[in-house]
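**Q** Taking this note's numbering, the leading residue of the sequence shown gets 153, the next gets one more, and so forth.
Note that CB positions come from ideal geometry on N, CA and C, so glycine has one too.
Dropping the structure in here first, questions after.
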Amino acid sequence: MGTVRFRYASMHDIPAMAGLLTELFTLETDFNPDPTRQSEGLRLLLEDANCVVWVADNDNAVVGMCTVQILISTAEGGRVGLVEDVIIKHDFRGQGIGRGLMQEVIRWTQAHNLLRLQLLVDMQNDAAKQFYEKLGWQPTQLQGMRRVLNYAR
């Protein structure tokens, strides 16, 4: 492994990030890999001032990523962050890259005065749950639910 650095993603990184999302969505039972859709979603994130996308760059190769979207919370009375798409390339796991990405998230959210961070984790992904708990994340009593809006496409 070379030197890993954390940086904001660019449009140039979309193909590599879409590849990482394919890896992530094969682990998460609620989603299906679709590089075209993932590429479009990444483009929209990169263009949105209320979102940030980080990559972990190992000698000019993207080996990890993470996104944060700013939302408004009535419970907190202000801006909060939704963390998504945390994935480290399989061969690079266990080397502190995920921890480094999450430290970037914390620094960024503090600089932007966000009041809370939240994320969803696949219920069967024990490794991810343990990872987040080691970093101080706590499970909540909320259950994620969704409704797919096919007419929106």
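Within the same chain, show all residues whose beta-carbon is closer than 7 Å to that of Ile249, passing over the 5 residues directly before and after it, in chain order.
**A** Answer for Ile249: Val156, Ala208, Val215, Gly216 and Ile240, listed in chain order.
**Q** Can we say the segment 221 to 230 touches the segment 157 to 176, given the rule of at least three CB pairs closer than 8 Å?
**A** Short answer: they don't touch.
**Q** Ala201: which of Tyr160, Arg299 and Val273 sits nearest, CA to CA?
**A** Per the Cα distances, Tyr160.
**Q** Suppose contacts are defined by Cβ-Cβ distances below 8 Å. Is Val235 in contact with Leu267 by that definition?
**A** No; because the gap between Cβ atoms is not below 8 Å, this pair is not in contact.
**Q** From this set, Leu176, Gly252 and Arg299, which residue's C-alpha is nearest Asn319's C-alpha?
**A** Outside the displayed range of the chain (153 to 305) lies residue 319, so it cannot be described from this structure.
**Q** The beta strand (DSSP E) that contains Asp243, what's its start and end?
**A** Element bounds for Asp243: n/a, residue is neither H nor E.
**Q** Is Ile166 closer than 8 Å to Leu196 when the C-beta atoms are compared?
**A** No; because the gap between Cβ atoms is not below 8 Å, this pair is not in contact.
**Q** In three-state terms, what does DSSP make of Gln282?
**A** Gln282: helix per DSSP, three-state reduction.
**Q** To the nearest angstrom, how far is the alpha carbon of Gln255 from that of Ala227?
**A** Whole-angstrom Cα-Cα distance: 25 Å.
**Q** Where does Arg159 sit, in a helix, a strand or coil, going by DSSP?
**A** DSSP places Arg159 in strand when its eight states are reduced to three.
**Q** Roughly how far, in whole angstroms, is the beta-carbon of Thr261 from the beta-carbon of Leu269, given that I think they are within contact range, below 8 Å?
**A** With 8 Å as the limit, Thr261 and Leu269 qualify as a contact, their Cβ atoms being about 6 Å apart.
**Q** Whose CA, out of Ala263, Phe183 and His242, lies closest to the CA of Ala279?
**A** Per the Cα distances, His242.
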